[in-house]
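Student: Let me give you the structure first, and then I'll get to my questions.
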Amino acid sequence: MISTEKIKVVISDLDGTLLNSDHKISQYTKTVFQELHNQDYLIIVATGRHHLDALDIVEDLGCPVYLVTSNGARIHSPQKELLFSFDIQSDAIKSVFDLQIDPEITTILFKENLWQTNKNNEKLNSYQKKSKYLPEIVDFKTLEDFESIKFYFTHDNHQKLVDLRDQILEKHPDDFSHAFSLPFCLEFMDKSVDKSVAIAKILEKENFVFEQTISFGDGFNDENMLKSSGKGLIMGNAPESLKDRLSHLEVISTNDNEGVAKYISQQLLNN
34 MISTEKIKVV
44 ISDLDGTLLN
54 SDHKISQYTK
64 TVFQELHNQD
74 YLIIVATGRH
84 HLDALDIVED
94 LGCPVYLVTS
104 NGARIHSPQK
114 ELLFSFDIQS
124 DAIKSVFDLQ
134 IDPEITTILF
144 KENLWQTNKN
154 NEKLNSYQKK
164 SKYLPEIVDF
174 KTLEDFESIK
184 FYFTHDNHQK
194 LVDLRDQILE
204 KHPDDFSHAF
214 SLPFCLEFMD
224 KSVDKSVAIA
234 KILEKENFVF
244 EQTISFGDGF
254 NDENMLKSSG
264 KGLIMGNAPE
274 SLKDRLSHLE
284 VISTNDNEGV
294 AKYISQQLLN
304 N
């Protein structure tokens with residue numbers, strides 16, 4: 034049983050964590066998070082999604098939350114005020130895109146108001162069915178401005194992405210941070226950007242520390258967040274490689290079984 038006296042902040046990822054496989058938040062989960070708010074817990078949602086995409090999703094929770102998006106490159110207050118913003122410079126990204134990237138791999142730039150990609154990808158589109166954040170297909174060979182919040186690559190063959198990661202890191206060993214948010218999604222951010230870094234900014238602002246937090250996640254972009262929290266919990270649907278890497282952390286039920294909400298209700302709210 035977690036000490037309710039110690040935990041004051043609840044942190045959760047979205048995809049594979051709060052969201053089910055249909056990319057929706059269940060009514061039960063909404064009810065639990067509203068009760069968290071009623072009991073004065075600070076709530077932080079930290080996601081790799083763009084803020085235009087994520088803002089509508091967290092609004093559906095029906096309670097105020099701090100929102101960390103693009104893996105830490107943006108922070109919005111519960112009043113939707115932009116508190117922190119960081120972009121990767123154009124030249125740094127262009128030098129990556131100048132590499133010989135397998136044309137089968139879908140390439141994406143996260144811009145402020147749209148995302149640019151080299152091809153239509155139905156799998157990606159399914160994650161953003163009602164989003165205001167829309168794609169634009171471009172030819173990256175003719176693109177002039179590469180400045181972006183983050184860039185990433187997706188392919189169903191995980192090994193192709195591993196090979197691409199190694200190729201990029203060989204040329205840019207110290208320029209970027211990176212993570213597999215999903216086995217088929219390889220993301221690159223500036224080396225200063227991480228969910229845990231952004232969360233630390235919020236905690237400082239609200240006069241809390243990581244020891245007072247509980248966090249939930251399912252991807253490698255959640256790793257530092259989970260390790261930093263007073264109590265880090267891994268979703269049952271997370272990759273086995275993440276569970277092995279963080280073997281000291283508890284694994285809970287899956288996102289489709291409302292694992293986050295059930296854990297909070299039983300262990301934190303004592304219902």
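If you count the sequence shown from 1, you need to add 33 to reach my numbering. A virtual CB, placed ideally from N, CA and C, is assigned to each residue, including glycine.
1. Could you pull out every residue in the same chain whose Cβ sits closer than 7 angstroms to the Cβ of P216, ignoring the five residues on either side in sequence?
2. Looking only at DSSP bridge pairs, what is C96 linked to?
3. So what does R278 bridge to, in DSSP terms?
4. So if DSSP puts F184 in a beta bridge, which residue, or which two residues, is it bridged to?
5. With 16 other CB atoms within 10 Å as the buried threshold, where does Q60 fall?
6. Tell me, to the nearest whole angstrom, how far the beta carbon of S286 is from that of K295; I am working on the premise that it is less than 8 angstroms.
7. Rounding to the nearest angstrom, what Cα-Cα distance links F173 and S274 in this structure?
8. Thinking C-alpha only, which one of N240, K238, D120, H188 is nearest D227?
9. Short of 7 angstroms in beta carbon distance, which residues of its chain neighbour T50, apart from the five on each side in sequence? Order them along the chain.
10. To test your reading of the DSSP string, which unbroken beta strand (DSSP E) runs of 3 or more residues are found completely within the segment 197-273?
11. Quick one, are the C-beta atoms of L202 and L219 less than 7 angstroms apart?
12. Taking the straight line between their C-alpha atoms, what separation do you get for D189 and I138?
13. Taking the C-alpha atoms as reference points, what is the distance between F184 and N303?
14. Which one or two residues does DSSP pair with R82 in a beta bridge?
15. If you draw a straight line from the C-alpha of T140 to the C-alpha of F179, how long is it?
16. Helix, strand or coil: which one does DSSP assign to H191?
17. Looking only at DSSP bridge pairs, what is H70 linked to?
18. Could you tell me which of S54, Q67, I76, T62 sits nearest to V42, measuring between CA atoms?
19. In chain order, what residues of the same chain have a beta carbon less than 7 angstroms from the beta carbon of F66, not counting five sequence neighbours either side?
20. Three-state secondary structure (DSSP) at S286?
21. Out of curiosity, what's the CA-to-CA distance linking S261 and R278?
22. For E169, list the residues DSSP reports as bridge partners.
23. For the beta strand (DSSP E) containing I126, list its first residue and its last residue.
Tutor: In this structure, then:
1. H191, P272
2. C96 pairs with nothing; no bridge assigned.
3. According to DSSP, which records beta bridges pairwise, R278 is partnered with nothing at all.
4. L142, F221
5. exposed
6. 6 angstroms
7. 33 angstroms
8. D120
9. Excluding residues within five positions, the ones whose Cβ falls inside 7 angstroms are F249, G250, D251, M268, N288, V293.
10. 209-215, 218-223, 246-250, 264-267
11. No; because the gap between Cβ atoms is not below 7 angstroms, this pair is not in contact.
12. 9 angstroms
13. 41 angstroms
14. DSSP lists no partner for R82.
15. 12 angstroms
16. helix
17. Answer is none; H70 lacks a bridge partner.
18. I76
19. I76, L94, C96
20. Note: S286 maps to coil in three-state DSSP.
21. 14 angstroms
22. Q149
23. No beta strand (DSSP E) contains I126, which is instead part of the alpha helix (DSSP H) from 123-130.
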